Each structure stands twice: as C-alpha cells, then as structure tokens.
Amino acid sequence: MPDQQPGRIFETAREFARRDDWDNAVVWYRRAADAGVTDAMLILAAHHAMRDEMRTAQDWLRRNLAADDDDREGVAGYLRGAIAAHFAKSPADARLWETRIRTSVGYPTPNDPLKVRQDAVAVVFGLLVEGIDPPGGPAHAGGSVSSTAGASGGCLLAVLAVGFLPALFAVLLAVRGGA
1 MPDQQPGRIF ETAREFARRD DWDNAVVWYR RAADAGVTDA MLILAAHHAM RDEMRTAQDW
61 LRRNLAADDD DREGVAGYLR GAIAAHFAKS PADARLWETR IRTSVGYPTP NDPLKVRQDA
121 VAVVFGLLVE GIDPPGGPAH AGGSVSSTAG ASGGCLLAVL AVGFLPALFA VLLAVRGGA
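Here the sequence shown is numbered in the numbering used here, starting from 1 and rising by one per residue.
The following block contains the structure:
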C-alpha cells in the first residue's frame, strides 16, 4: 500500500462505497485521509456523525479544517449534503435521528416526514460542527458524560423551537460559562 497514490486510495474507497460496502469503504477512506485527502476526511466526519460517533466525527472535521481552511462554506454545504445522502441510503441511521427529533417534547411538526428529515440533517450537522454531544447519545448511556452532554440533553427543544443556530449559540455560551 505505501506505493499507492492518495488519489488511487480515495478512488478505491469510493468504489467500495458505491457497492454499499461501508466496512471496507471506511478502511480505505481512512487510508486516503491519512494520506492527506481532505474529501476523505469530510466523508469520515459525516459517516461517524450519522453513526452517533460524534467525537470521532469532530476529530475528522477538525483535521479537514486544519488541512484546508480556505472554504468553510463549501465544507458546510458538503457535510449537509453528505448527511442527507447518508440518511437516504441508511434508513436505520435516519430513523435513529428522526425518532429523536419527532419525540422531542413540543416538536412542532412530528407528522411531516420531510420536515423531520430536514431537521434531523440540521441537528446532526449542528452537533457535529459545534461539538455538542447528541441528546440521548452514547455519552448518556456509558456513564462518562462530557461537559457539554448535560446541556445537550436539555437543549434539543430549545434548538428546534427557537431556531437552530441562535439556540446552539446560547447553549454554547451557557456551557462555556458554567464550565
């Protein structure tokens, strides 16, 4: 493998992904990312975010931004698209996040599947970018809760009711002020 070029490694990963062989695709995307392919880093960030592996996802996102800090808006658009595409291809992952959205107390449109899906994409994207643990995610079940996990468990309703970015900003201020 050391003699393979990063572009070829990335193409091998894409071929596995096209065949829906994500076990192998992730291995090859990781190899490509380790070789410096920033698109592979973004794919890994989106993949891990959907699987509720936020810390790993955030690590890949940070690596991407450190390697290619020129186009943050492009990165944001790519991640939103990747999350939406992943949800379209992985009903189990989509259902996990949609259930969290739909069953949130006071969620305004639980019977509109398109709106729930859009909100799920927005929430996953926001949690990934802002570094907040997902409500009801693994940090809550494992006994080891990060400093932001307590706030995130109680903030989903505010995020949905008030508007995503202002609510996340308020939560981040509260978390950082209370730390």
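Think of the CB as a built atom: it goes at the ideal place given N, C-alpha and C, for glycine as much as any other residue.
As the structure is a prediction and not an experimental result, all values here were calculated from the model.
The way I'd put it, the stretch 31-47 doesn't touch the stretch 91-100; fewer than three beta-carbon pairs between them come closer than 8 Å. For residue 111, no alpha helix (DSSP H) encloses it, and the DSSP letter there is neither H nor E. Approximately 7 Å separates the beta-carbon atoms of residue 110 and residue 116; this is inside 8 Å, confirming the contact. Between the stretch 51-67 and the stretch 19-26 there are fewer than three inter-stretch CB-CB distances shorter than 8 Å, so the stretches are not counted as touching.
Residue 4 carries a coil assignment under DSSP once its states are collapsed to helix, strand and coil.
Going by DSSP, residue 36 is part of no alpha helix (DSSP H) at all; its letter is neither H nor E.
In its chain, beyond the 5 residues on either side, 25, 28, 29, 32 have a beta carbon closer than 6 Å to the beta carbon of residue 13. In the DSSP annotation of this structure, the continuous segment of the alpha helix (DSSP H) that includes residue 95 starts and ends at 91-102. The continuous stretches of alpha helix (DSSP H) do not include residue 51, and DSSP gives it neither H nor E. When secondary structure is reduced to three states using DSSP, residue 55 falls in the helix class. For residue 31, the secondary structure class from DSSP, reduced to helix, strand or coil, is helix.
Ranking 85, 126, 118, 105 by CA distance to the CA of residue 20 puts 85 first. In this structure, residue 37 keeps its C-beta atom at 9 Å or more from the C-beta atom of residue 83.
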